[in-house]
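K.L.:
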Amino acid sequence: MKELKLLKGNEAISEAAIRAGADAYFGYPITPQSEILEYLMAEKPHERTGMVVLQAESEVAAINMVYGGAACGRKILTSSSSPGISLKQEGLSYIAGSELPCLVVNVVRGGPGLGTIQPSQSDYFQATKGGGHGDYRLIVLAPSSVQEMADFVKLGFDLAFKYRNPAMILTDGAIGQMMEKVWLEEQQPRMTEFPEWATTGKKPGKERRIVTSLDLDSAMQEKFNRKLQEKYRKMEENEVRFEEIDCEDAEYLLVAYGTSARICQKSVKIAREKGIKVGLLRPITLFPFPKNKIKEMAGKVKGILSVEMSAGQMVEDIRISVEGKVKVDHFGRMGGIIHSSEEIVTALEQKIIGG
Amino acid sequence: MTEEIIIAGFGGQGVLSMGKILAYSGIMQDQEVSWMPSYGPEMRGGTANVTVILSDERISSPILNTFDTAIILNQQSMDKFEKSVKPGGMLIYDGNGIIRHPERKDISIFRIDAAEEAAKMENTKVFNMIVLGGYLKVKPIVKLENVIKGLKESLPERHHALLPMNEKAIKRGLEIVQKVHEVNR
Numbered sequence: 000m001k002e003l004k005l006l007k008g009n010e011a012i013s014e015a016a017i018r019a020g021a022d023a024y025f026g027y028p029i030t031p032q033s034e035i036l037e038y039l040m041a042e043k044p045h046e047r048t049g050m051v052v053l054q055a056e057s058e059v060a061a062i063n064m065v066y067g068g069a070a071c072g073r074k075i076l077t078s079s080s081s082p083g084i085s086l087k088q089e090g091l092s093y094i095a096g097s098e099l100p101c102l103v104v105n106v107v108r109g110g111p112g113l114g115t116i117q118p119s120q121s122d123y124f125q126a127t128k129g130g131g132h133g134d135y136r137l138i139v140l141a142p143s144s145v146q147e148m149a150d151f152v153k154l155g156f157d158l159a160f161k162y163r164n165p166a167m168i169l170t171d172g173a174i175g176q177m178m179e180k181v182w183l184e185e186q187q188p189r190m191t192e193f194p195e196w197a198t199t200g201k202k203p204g205k206e207r208r209i210v211t212s213l214d215l216d217s218a219m220q221e222k223f224n225r226k227l228q229e230k231y232r233k234m235e236e237n238e239v240r241f242e243e244i245d246c247e248d249a250e251y252l253l254v255a256y257g258t259s260a261r262i263c264q265k266s267v268k269i270a271r272e273k274g275i276k277v278g279l280l281r282p283i284t285l286f287p288f289p290k291n292k293i294k295e296m297a298g299k300v301k302g303i304l305s306v307e308m309s310a311g312q313m314v315e316d317i318r319i320s321v322e323g324k325v326k327v328d329h330f331g332r333m334g335g336i337i338h339s340s341e342e343i344v345t346a347l348e349q350k351i352i353g354g
Numbered sequence: 000m001t002e003e004i005i006i007a008g009f010g011g012q013g014v015l016s017m018g019k020i021l022a023y024s025g026i027m028q029d030q031e032v033s034w035m036p037s038y039g040p041e042m043r044g045g046t047a048n049v050t051v052i053l054s055d056e057r058i059s060s061p062i063l064n065t066f067d068t069a070i071i072l073n074q075q076s077m078d079k080f081e082k083s084v085k086p087g088g089m090l091i092y093d094g095n096g097i098i099r100h101p102e103r104k105d106i107s108i109f110r111i112d113a114a115e116e117a118a119k120m121e122n123t124k125v126f127n128m129i130v131l132g133g134y135l136k137v138k139p140i141v142k143l144e145n146v147i148k149g150l151k152e153s154l155p156e157r158h159h160a161l162l163p164m165n166e167k168a169i170k171r172g173l174e175i176v177q178k179v180h181e182v183n184r
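Line by line, the protein sequences give chains A and B.
0 is the number of the first residue of the first sequence in numbering that gives the first Met the number 0; add one for each residue after it.
0 is the number of the first residue of the second sequence in numbering that gives the first Met the number 0; add one for each residue after it.
1. Please specify which runs of the beta strand (DSSP E), each continuous and at least 3 residues long, are wholly inside the segment 95-126 of chain B, giving them in chain order.
2. Residue 177 of chain A CB to nearest chain B CB: under 9 Å?
3. In chain A, which residues lie with their C-beta within 9 Å of the C-beta of residue 19 of chain B?
4. Going by Cα to Cα distance, which pick from B:148, B:156, B:2 and B:13 is closest to residue 23 of chain B?
5. Pick helix, strand or coil for residue 338 of chain A, following the three-state DSSP scheme.
6. Which residue spans inside the segment 174-247 of chain A form an unbroken beta strand (DSSP E) run of at least 3?
7. Do residue 118 of chain A and residue 31 of chain A come within 9 Å of each other at the CB atom, strictly closer than that value?
8. Along the alpha helix (DSSP H) that carries residue 105 of chain A, what are the first and last residues, could you check?
9. Spatial neighbours of residue 125 of chain B within its chain, please: CB distance less than 7 Å, with the 5 preceding and 5 following residues excluded, ordered by chain position.
10. Under DSSP, the alpha helix (DSSP H) around residue 141 of chain B begins and ends at which residues?
11. Does DSSP classify residue 80 of chain B as helix, strand or coil?
12. Whose C-beta lies closer than 7 Å to the C-beta of residue 133 of chain A among residues of the same chain, with five residues either side of it excluded?
13. In angstroms, rounded to a whole number, what distance separates the CA positions of residue 23 of chain A and residue 79 of chain B?
14. Within 9 Å of any Cβ in chain B, is that where the Cβ of residue 77 of chain A sits?
15. Of all the CB atoms in chain A, is at least one closer than 9 Å to the CB of residue 186 of chain B?
16. Among the residues of its own chain, which have a CB less than 6 Å from the CB of residue 121 of chain A, if the five just before and after it don't count?
17. Excluding five sequence neighbours on each side, which residues of the same chain lie with their C-beta closer than 7 Å to the C-beta of residue 124 of chain A?
18. Looking only at its own chain, which residues have a Cβ that is under 8 Å from the Cβ of residue 66 of chain B, when we skip the five neighbours before and after it?
19. Between the segment 293-300 of chain A and the segment 24-34 of chain B, can you find at least three pairs of beta-carbon atoms closer than 8 Å?
20. By how many angstroms is the C-alpha of residue 213 of chain A removed from the C-alpha of residue 316 of chain A?
21. Using three-state DSSP, classify residue 180 of chain B as helix, strand or coil.
22. Going along the segment 323-344 of chain A in order, which residues come within less than 8 Å of chain B, judged by CB to CB distance?
23. Which residues in the same chain have their Cβ closer than 8 Å to the Cβ of residue 269 of chain A, if we skip the five residues on either side of it in sequence?
24. Hey, is the segment 78-85 of chain A in contact with the segment 38-50 of chain A, meaning 3+ C-beta pairs nearer than 8 Å?
25. Rounded to the nearest angstrom, what separates residue 188 of chain A and residue 28 of chain A at their Cα positions?
26. Would you mind stating whether residue 114 of chain B and residue 93 of chain B have Cβ atoms separated by less than 9 Å?
27. Can you find a C-beta in chain B that's less than 9 Å from the C-beta of residue 261 of chain A?
28. I need the boundaries of the alpha helix (DSSP H) containing residue 146 of chain A, first residue and last residue.
29. Alpha helix (DSSP H) containing residue 312 of chain A: first to last residue?
30. Starting from the C-beta of residue 105 of chain B, find all residues in its chain whose C-beta is less than 6 Å away, skip the five residues before and the five after it, and write them out in chain order.
31. What span of residues does the beta strand (DSSP E) with residue 167 of chain A cover, start to end?
32. Give, in chain order, every residue of the segment 127-138 of chain B whose Cβ lies closer than 7 Å to some Cβ of chain A.
33. Let's see if you can read the secondary structure: which residues bound the alpha helix (DSSP H) around residue 88 of chain A?
34. Taking a cut of 8 Å between CB atoms, which residues from the segment 310-324 of chain A lie near chain B?
35. Around the C-beta of residue 174 of chain A, are 16 or more other C-beta atoms found within 10 angstroms, so that it is buried, or is it exposed?
36. So, are the CB atoms of residue 253 of chain A and residue 227 of chain A less than 9 Å apart?
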C-alpha cells in the first residue's frame, strides 16, 4: 500500500531511493541538497534494505564509486548541486561511454562558479547537451512537485537500466527545500539477479565481461558512437514526456519546467482573468525534449515565451523546434532570484503580445 | 478554497514548525498543501519565514508575493510583509516588541499577545501554538481535531507527551485573540 507523508523534495528523493531498492548512494554534501545525504544517514537504510550510504571524500570520488557500483549491475545514485555536478562530469562521461546505468540528482543553485545557494535553472545546457566530453546524452527528468521528486527516482532508474545510460533528475533548491504531501511507493526488494553485462565475477567457462569506455581503434570507436546515437534517437521516439495545462484554446504559450512551471501555472490563471488565452507546456523530459509537441503548438499559437531561471537556455531548443514559425522569446530571473507569476504575465504582454 | 499564508518572525519562535503543523492539518482533511521556507543566508540574521498554502485544488505556485493571511511575529517581518497582504486579507500579529503597529485599513487586523501568554503559562515553547490558536479562531480553515492529528504526525513519538500542553496552548490562543479592526471578506 502507498504511504502518505509530508516531506521536503530532497527527503522525498532519499526515501524513494530506499523504496526503489537502490543498492547504494555515494555523495558529498552541498547546499541546497544536503538533506538527501542527511535523511539517508538518519534513516539507516543498511538496516532496512541493506542499501549502502557513504559520504565520499569528494564529488569526484563519489561519482567514481557510482561508476564502480554501476559496473557491477547495481542500482546506484548520487546527488549534488551545480558546482559539485561540474566536478562529476568526467565520471558521467565515462559512465555514459561505458553504457552503464545510474541516477544523478542535480539540485541546481545559481551560478556560474560557486554562485549562490538559491534556486536556479542555469544548468540546463550542461544537463541536456551531455555535460562532460564526448558525444553522449543523459536522460533528463524535471520534477515540478515533491511527488514527482519521489516518482522520478524509480522512473530514472527504470530508464537508466532500459537504455544503459545515466539518468539525471534536474531540479532546484525551491523544490528541494519545499514540503508537500507525497504518496510513497511500497518497498521494492533490491535486485538479486544482475544484467548480462554486469561484472559480477568471472565464472568458469564463461567469457570475461569488460566494462570500458576505451577503444584505440577509431573504426570501432565510430561504430560504438553510432550505436550510442541510435540509442538517443530511440529515447526521442519513445520517452518524451510533457504536461499540457490549458493548451486547448491557447493563443499564447508559456513553456517552463520544474519550479518555473509551478510559477507559470499561476501566471496562466492571472492572464486568463485578464482575458488573455494562455496555455502552459511543461516539458517533463528535458532530454529527450518534446520538440514535436512544440512544433505542433507553434502552428496553433501566436507566440511562445520560454520561462526559465536562467539567461535563456531551453529557449534555444524551443527555437529549433518552432523552426521560425512564430515569435519565441525568453524571460527569466537569474542568480537565485525567483521570478513572480505577475512578472511573467507582464513579460508575456511586453515581449510576445505587444512586441 | 485556497488559503495562502506567510508566517514570519525570529528564528527560534517556531515559525517553521507552526507552518508544518498547519500543513499536516491540511493533509488530515484531504487538502493539497505546500510549505516553502526561506533558506540559506536569508535565515542568517535571525529572521525566518515560511509560505504555507492549503487548497482544495492542485496548488500552482508555491512561491508567492501576496498573501491572504500574514502571521507576523516581529518588527522586521511587519516592515517586510504588511504590504504583502492582499486587499481584504488578514494580518495577525504578536504585539510583543512591535514599535510600529500595522496601519492598513483595507485589511483585517488582529492582535494576539502570545509571548506574554506563553510567559504566564510558564512555557515559552508553546508560543507558536498560541498564535496558531488565534489564527484558527479568526480563520477556522482547519478543524481543531485535524490540528491535533497534524500535531501528532509532525512530532516524533518521543515528544507525544507534549501533545496535551500544545492543545491547551492552541485553545488559549482561541480565547485571547483580539480584533483591531475588520473589513468585509
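The C-beta atom is built at its ideal place from N, Cα and C for all residues, glycine as well.
P.N.:
Working from what's here:
1. 107-110
2. Working through the first sequence from its first residue, we reach residue 177 of chain A at position 178. For residue 177 of chain A, the answer is yes, since a Cβ of chain B falls inside 9 Å of its Cβ.
3. Residue 19 of chain B sits at position 20 when you count from the first residue of the second sequence. Going along chain A in sequence order, the residues near residue 19 of chain B (Cβ under 9 Å) are 5 and 178.
4. If you number the second sequence from 1, residue 23 of chain B lands on position 24. Of the listed residues, the one whose Cα sits closest to residue 23 of chain B is B:148.
5. What you label residue 338 of chain A is simply residue 339 of the first sequence in a count that begins at 1. In the structure shown, residue 338 of chain A sits in coil (DSSP, three-state: anything other than H, G, I, E or B).
6. 178-183 and 241-244
7. Taking the first residue of the first sequence as position 1, residue 31 of chain A is located at position 32. Taking the first residue of the first sequence as position 1, residue 118 of chain A is located at position 119. Between residue 31 of chain A and residue 118 of chain A, the C-beta gap is smaller than 9 Å, which places the two residues in contact.
8. Counting from one through the first sequence, the residue named residue 105 of chain A turns up at place 106. Note, residue 105 of chain A: premise wrong, no alpha helix (DSSP H); beta strand (DSSP E) at 101-107.
9. If you number the second sequence from 1, residue 125 of chain B lands on position 126. Only 117, 164, 165 and 168 meet the Cβ criterion.
10. For this step, residue 141 of chain B is matched to residue 142 along the second sequence. Careful: residue 141 of chain B lies outside any alpha helix (DSSP H) and carries neither H nor E.
11. Residue numbering aside, residue 80 of chain B sits at position 81 when the second sequence is read from its first letter. Of the three classes helix, strand and coil, the one that applies to residue 80 of chain B here is helix, per DSSP.
12. Position 134 of the first sequence holds residue 133 of chain A. Correct list, in chain order: 92 and 96.
13. For the purposes of this step, residue 23 of chain A is identified with residue 24 of the first sequence, where counting begins at 1. For the purposes of this step, residue 79 of chain B is identified with residue 80 of the second sequence, where counting begins at 1. One C-alpha to the other measures close to 45 Å.
14. The sequence position of residue 77 of chain A within the first sequence is 78, counting from 1. For residue 77 of chain A, not one C-beta of chain B is nearer than 9 Å to its own C-beta.
15. No answer is possible for residue 186 of chain B: the residues shown for chain B start at 0 and end at 184.
16. Walking along the first sequence from the start, residue 121 of chain A turns up at place 122. If the five residues before and after residue 121 of chain A are omitted, its C-beta is found closer than 6 Å to the C-beta atoms of 110 and 309, all from its own chain and listed in chain order.
17. Reading the first sequence from its first residue, position 125 is the one you call residue 124 of chain A. Answer for residue 124 of chain A: 312, listed in chain order.
18. Reading the second sequence from its first residue, position 67 is the one you call residue 66 of chain B. Counting only Cβ-Cβ distances below 8 Å, and skipping sequence neighbours, we find 3, 4, 5, 50, 80, 83, 84, 85 and 88.
19. The segment 24-34 of chain B vs the segment 293-300 of chain A: no contact.
20. In the first sequence, residue 316 of chain A corresponds to position 317, counting from 1. In the first sequence, residue 213 of chain A corresponds to position 214, counting from 1. Linking residue 316 of chain A to residue 213 of chain A through their CA atoms gives a straight-line distance of about 31 Å.
21. The sequence position of residue 180 of chain B within the second sequence is 181, counting from 1. Of the three classes helix, strand and coil, the one that applies to residue 180 of chain B here is strand, per DSSP.
22. From the segment 323-344 of chain A, only 337, 339, 340 and 341 have a Cβ closer than 8 Å to chain B.
23. Indexing the first sequence from 1 puts residue 269 of chain A at position 270. Once the five neighbours on either side are set aside, the close Cβ partners of residue 269 of chain A are 340, 341 and 344.
24. Touching, no.
25. Counting from one through the first sequence, the residue named residue 188 of chain A turns up at place 189. Counting from one through the first sequence, the residue named residue 28 of chain A turns up at place 29. Those two C-alpha atoms are separated by around 27 Å.
26. To locate residue 114 of chain B, count along the second sequence from 1; it is residue 115. To locate residue 93 of chain B, count along the second sequence from 1; it is residue 94. Taking 9 Å as the Cβ cut-off, residue 114 of chain B and residue 93 of chain B qualify as a contacting pair.
27. Walking along the first sequence from the start, residue 261 of chain A turns up at place 262. Among the residues facing chain B, residue 261 of chain A is included, as its CB has a counterpart in that chain under 9 Å away.
28. As a working note, residue 146 of chain A is residue 147 in the first sequence. Element bounds for residue 146 of chain A: 145-162.
29. Along the first sequence, read from residue 1 onward, the residue named residue 312 of chain A stands at position 313. Per DSSP, residue 312 of chain A belongs to no alpha helix (DSSP H) and is neither H nor E.
30. Along the second sequence, read from residue 1 onward, the residue named residue 105 of chain B stands at position 106. So the list reads 86, once near-sequence residues are dropped.
31. Along the first sequence, read from residue 1 onward, the residue named residue 167 of chain A stands at position 168. Counting along the chain, the unbroken beta strand (DSSP E) around residue 167 of chain A starts and ends at 165-171.
32. none
33. Sequence index remark: in the first sequence, residue 88 of chain A carries index 89 (1-based). Its alpha helix (DSSP H) spans residues 88-96.
34. none
35. Locating residue 174 of chain A in the first sequence gives position 175, where the first residue counts as 1. That one is buried.
36. Mapped onto the first sequence, residue 253 of chain A falls at position 254. Mapped onto the first sequence, residue 227 of chain A falls at position 228. Not a contact, by the Cβ cut-off of 9 Å.
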